[in-house]
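Undergrad:
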Amino acid sequence: MAEEDNTQSETFSLYVRLRSLDADDLYDLVSTLLSKKPELYQMALEWFKERQKTMPETMENEDLVSLNDDLLLEYWEDARGIISEFNRLGGGPEEDEEEAYEYLDQISELIKEGELSTSVKLEFLDEAFEEYNIENSGFEDGLMEIFFEICQTKEEWEYLVKKLDEHPSKWRKEKIMRIQRKHLQDDEAYLQERMQILSHGMDYWDLVKFYVDKGDSEKALSTAEEGILKGEGRLTELFEFLWEHFSKEGDTANLERIVQTALSRNTEKKNMLDRLFEYYRSEGDYERARDALLKSFEFTRRKYYAEYNKLKGFLKGPDWKSVEPKIFDKIKEEDFHDYLRICLDKGMKDTVLKSILNPPKSRFGYLIEENFDEFADELNKDFPDKIIEYYWQKAYQNIPNGTRKTYSIAARYLGKVKDIYLDILNDDPGWVKRFSDLKFEFKKRPAFLEEVSGL
0 MAEEDNTQSE TFSLYVRLRS LDADDLYDLV STLLSKKPEL YQMALEWFKE RQKTMPETME
60 NEDLVSLNDD LLLEYWEDAR GIISEFNRLG GGPEEDEEEA YEYLDQISEL IKEGELSTSV
120 KLEFLDEAFE EYNIENSGFE DGLMEIFFEI CQTKEEWEYL VKKLDEHPSK WRKEKIMRIQ
180 RKHLQDDEAY LQERMQILSH GMDYWDLVKF YVDKGDSEKA LSTAEEGILK GEGRLTELFE
240 FLWEHFSKEG DTANLERIVQ TALSRNTEKK NMLDRLFEYY RSEGDYERAR DALLKSFEFT
300 RRKYYAEYNK LKGFLKGPDW KSVEPKIFDK IKEEDFHDYL RICLDKGMKD TVLKSILNPP
360 KSRFGYLIEE NFDEFADELN KDFPDKIIEY YWQKAYQNIP NGTRKTYSIA ARYLGKVKDI
420 YLDILNDDPG WVKRFSDLKF EFKKRPAFLE EVSGL
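Per numbering that gives the first Met the number 0, the sequence shown starts with residue 0, numbered consecutively.
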């Protein structure tokens, strides 16, 4: 107890001495601590930062800018140490990555406050781009976000353009054009860059949006027209832009033309044909809508069940009767699940049962091994005995040489078996006997027995 009192006394004495120091002595003490422990410098800055938040009147605006400048450089120095190491090694520990992002987040918070000098922003850009240009750390996206956050004035945006252009690439040129267009409003510079990079569909789409923003619909349309003919890669936005324009004008000839362009260029085929179908349907032109819909089905690659019902719902009786068998056979070949869903709708339950108990081979000669549980669930009342065997085999194959994970799967299937025995067949003794025999067979597998103990 005496030692404890003595410690408290010494601590109390230190605080008393600190309070008794005049300004010069206190400055000397803090300076000494900072020289021996440089990491305290950041802590001191953060202390002043917190004091400014609670007592803003204690600091002039110039002092606040200077404080934030120093903090930004401190946070960057800490982050850079990690990023530089990641650049050298091509990555690093997850905890180091998280620490670096914490520093970058702190920089973002300082930027959001808006009290930073242009000179420090440019200094940061210089140093940060040294790490960014190595492109081996994995922090490139995070740094680029900060580059765009930190620039606010014309001088700062122009400096960012300069840094990006020091290592030219198509991706960097895209960033430069974004700055010229949105932040510098330099239309001439944007167009000069854009016209040099006009190969992909999204390049043309960017130029279309520029002309739309400028209210030049004629150039927007001509650019989109050129894009669907010459653009590489994604053309979705260009086709849809032209479609919206011509459909509003009721220009059927041009709508047909861009659909043919889509077909000839082997892109956006289904999208444009679906739009053409909807257009003719809204116009009440059944024959042309029918033809567009049937043509669209040729390019279906997924969601066959929905496509089947779409055709069934629109086509008139004679037309549907003539095309349905061919469509039905194609779906069977392309998507066996959707084929079985249609079979259920058609009341072909025997076909579905046979298919899930003895899956056929695919067109490539491989056995179709898919999960048919949804169909078994639909058939359990019609064929309870058969579905019991389906689920029993599903359960059993997960037990020998099993793990906790497979035992859990087995337990789920056994639960389905139990439900059929009890709720559909009303055969409690049958379930108890079969389940007891199974547990006896695997009595030396305590993990399995534990997983099924709730059954």
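Heads up, the beta-carbon is just placed ideally off N, CA and C, and yes, glycines get one too.
#1: Between the segment 155-165 and the segment 190-202, do at least 3 Cβ pairs fall closer than 8 Å?
#2: Can you list, in chain order, the residues of its chain whose CB lies under 7 Å from that of Ile106, leaving out five sequence neighbours each side?
#3: Quick one: what's got a C-beta closer than 7 Å to Ser116's C-beta in the same chain, skipping five residues either side?
#4: Verify whether the separation of the beta carbon atoms of Glu192 and Ile175 is less than 8 Å.
#5: Nearest to Glu96 by CA position, among Asp250, Glu108, Phe138, is which residue?
#6: Beta-carbon within less than 6 Å of Thr10's beta-carbon, same chain only, minus the 5 sequence neighbours each way: which residues are those?
#7: With DSSP as the reference, please indicate the residues paired to His199 in a beta bridge.
#8: Within its chain, find whatever has a CB closer than 7 Å to the CB of Tyr158; leave out the 5 residues flanking it on each side and keep chain order.
#9: Going by other Cβ atoms of all chains shown within 10 Å of its Cβ, with 16 needed for buried, is Arg274 buried or exposed?
#10: Determine the DSSP secondary structure at Ser263, reduced to helix, strand or coil.
#11: According to the Cβ coordinates, are Ala127 and Ala99 closer than 8 Å?
#12: Taking only three categories from DSSP, how would you classify Gln179?
#13: Below 8 Å CB to CB, which residues in the same chain sit around Tyr365 once its five sequence neighbours on both sides are set aside?
#14: Distance, Cα to Cα, Phe434 vs Glu450?
#15: Under DSSP, the alpha helix (DSSP H) around Cys342 begins and ends at which residues?
#16: DSSP state of Met347, grouped into three classes?
#17: Using CA atoms only, rank isn't needed, just tell me which of Lys302, Phe382, Ile149, Arg287 is closest to Ala252.
#18: If you draw a straight line from the alpha carbon of Gln396 to that of Asp290, how long is it in whole angstroms?
#19: Less than 8 Å separating the beta-carbons of Leu378 and Ile387?
#20: So Glu467 is in the alpha helix (DSSP H); what residue range does that whole segment cover?
#21: Applying the criterion that 16 or more other CB atoms from any shown protein chain within 10 Å of the CB defines a buried residue, is Val119 buried or exposed?
#22: Could you check the C-alpha separation between Lys442 and Gly453 for me, to the nearest Å?
#23: Looking only at its own chain, which residues have a Cβ that is under 7 Å from the Cβ of Pro383, when we skip the five neighbours before and after it?
#24: CB of Tyr412 to nearest heavy atom of the ligand FAD: below 7 Å?
#25: Could you say which of Leu237, Tyr412, Phe245 lies nearest to Val207 if we only look at CA atoms?
#26: Out of Glu84, Gly80, Glu112, Pro92, point me to the one whose CA is closest to Tyr455's CA.
#27: Specify, as a first and last residue, the run of the alpha helix (DSSP H) that Gly414 falls within.
#28: Does DSSP put Glu139 in a helix, a strand or coil?
#29: Could you pull out every residue in the same chain whose Cβ sits closer than 7 Å to the Cβ of Phe85, ignoring the five residues on either side in sequence?
#30: Considering just the uninterrupted stretch of the alpha helix (DSSP H) at Lys432, what are its terminal residues?
#31: How far does the alpha helix (DSSP H) with Asp273 in it extend, from its first residue to its last?
#32: Sorted by chain position, which residues of the same chain lie with C-beta nearer than 7 Å to Thr350's C-beta, five sequence neighbours on each side aside?
#33: Label Trp242 either buried or exposed according to how many other C-beta atoms from any shown protein chain fall within 10 Å of its C-beta, with 16 as the threshold for buried.
#34: Could you tell me the distance, in whole angstroms, from the CA atom of Ala446 to the CA atom of Lys432?
TA: The short version:
#1: no
#2: Position 107 of the sequence shown, counted from the first residue, corresponds to residue 106. Correct list, in chain order: Leu71, Tyr74, Trp75, Ile145.
#3: Residue numbering aside, residue 116 sits at position 117 when the sequence shown is read from its first letter. Answer for Ser116: Val64, Asp68, listed in chain order.
#4: As a working mapping, residue 192 is identified with position 193 in the sequence shown. As a working mapping, residue 175 is identified with position 176 in the sequence shown. For Glu192 and Ile175, yes; Cβs fall inside 8 Å.
#5: The residue you call residue 96 lines up with position 97 of the sequence shown. Out of Asp250, Glu108, Phe138, Phe138 has the C-alpha closest to the C-alpha of Glu96.
#6: The count along the sequence shown starts at 1 and reaches residue 10 at position 11. Reliability fails at Thr10, whose pLDDT of 46 lies under 50, so the model's placement of it is uncertain and the value that follows must be treated cautiously. Within the same chain, Thr10 has no close Cβ partners at all.
#7: Mapped onto the sequence shown, residue 199 falls at position 200. According to DSSP, His199 bridges with Glu231.
#8: Locating residue 158 in the sequence shown gives position 159, counting from the first residue. Here the set comprises Leu121, Leu124.
#9: Taking the sequence shown and counting its residues from 1, one reaches residue 274 at position 275. Label assigned to Arg274: buried.
#10: If you number the sequence shown from 1, residue 263 lands on position 264. It is helical.
#11: Taking the first residue of the sequence shown as position 1, residue 127 is located at position 128. Taking the first residue of the sequence shown as position 1, residue 99 is located at position 100. Contact flag unset, no.
#12: Here the question's residue 179 lines up with position 180 in the sequence shown. Three-state result, Gln179: helix.
#13: In the sequence shown, residue 365 corresponds to position 366, counting from 1. At Tyr365 the pLDDT is 49, less than 50, meaning the model places this residue with poor confidence; the figure from the coordinates comes in the next sentence. Within the same chain, Tyr365 has no close Cβ partners at all.
#14: Translated into the one-based positions of the sequence shown, residue 434 becomes position 435. Translated into the one-based positions of the sequence shown, residue 450 becomes position 451. The straight-line gap from Cα to Cα measures roughly 13 Å.
#15: In the sequence shown, residue 342 corresponds to position 343, counting from 1. Note, Cys342: alpha helix (DSSP H), 335-344.
#16: Here residue 347 is taken as the residue at index 348 of the sequence shown, counted from 1. If DSSP states are grouped into helix, strand and coil, Met347 belongs with coil.
#17: Numbered from 1 along the sequence shown, position 253 holds the residue referred to as residue 252. Minimum Cα distance to Ala252 is reached at Arg287.
#18: The residue you call residue 396 lines up with position 397 of the sequence shown. The residue you call residue 290 lines up with position 291 of the sequence shown. Roughly 49 Å between the two C-alpha positions.
#19: Within the sequence shown, the letter at position 379 stands for residue 378. Within the sequence shown, the letter at position 388 stands for residue 387. No.
#20: Nothing can be reported for residue 467: it is not among the residues displayed for the chain, which extend from 0 to 454.
#21: As a position in the sequence shown, residue 119 is number 120, starting the count at 1. Looking at its Cβ environment, which holds 16 or more other Cβ atoms inside 10 Å, Val119 is buried.
#22: For the purposes of this step, residue 442 is taken as residue 443 along the sequence shown, with counting starting at 1. For the purposes of this step, residue 453 is taken as residue 454 along the sequence shown, with counting starting at 1. The alpha-carbon atoms of Lys442 and Gly453 are separated by roughly 16 Å.
#23: Looking up residue 383 in the sequence shown gives position 384. Taken in chain order, the residues that qualify are Ile419, Ile423, Leu424.
#24: As for the ligand FAD, it is missing from this structure, which has no ligand bound.
#25: As a working note, residue 207 is residue 208 in the sequence shown. Comparing Cα-Cα distances from Val207 to each of Leu237, Tyr412, Phe245, the minimum goes to Leu237.
#26: It is not possible to answer for residue 455, since the shown part of the chain is limited to 0 through 454.
#27: In the sequence shown, residue 414 corresponds to position 415, counting from 1. Per DSSP, Gly414 belongs to the alpha helix (DSSP H) from 403-418.
#28: Residue 139 sits at position 140 when you count from the first residue of the sequence shown. Reduced to three states, the DSSP call for Glu139 is helix.
#29: In the sequence shown, residue 85 corresponds to position 86, counting from 1. The answer, listed in chain order, is Gly91, Ser136, Gly137, Phe138.
#30: To locate residue 432, count along the sequence shown from 1; it is residue 433. First-last of the alpha helix (DSSP H) with Lys432: 427-440.
#31: Along the sequence shown, one-based indexing puts residue 273 at 274. Where Asp273 is concerned, the enclosing alpha helix (DSSP H) stretches over 268-282.
#32: Within the sequence shown, the letter at position 351 stands for residue 350. Result list for Thr350: Cys342, in chain order.
#33: Numbered from its first residue, the sequence shown carries residue 242 at position 243. Trp242 should be labelled buried.
#34: Taking the sequence shown and counting its residues from 1, one reaches residue 446 at position 447. Taking the sequence shown and counting its residues from 1, one reaches residue 432 at position 433. Near 21 Å, if we compare the C-alpha coordinates of Lys432 and Ala446.
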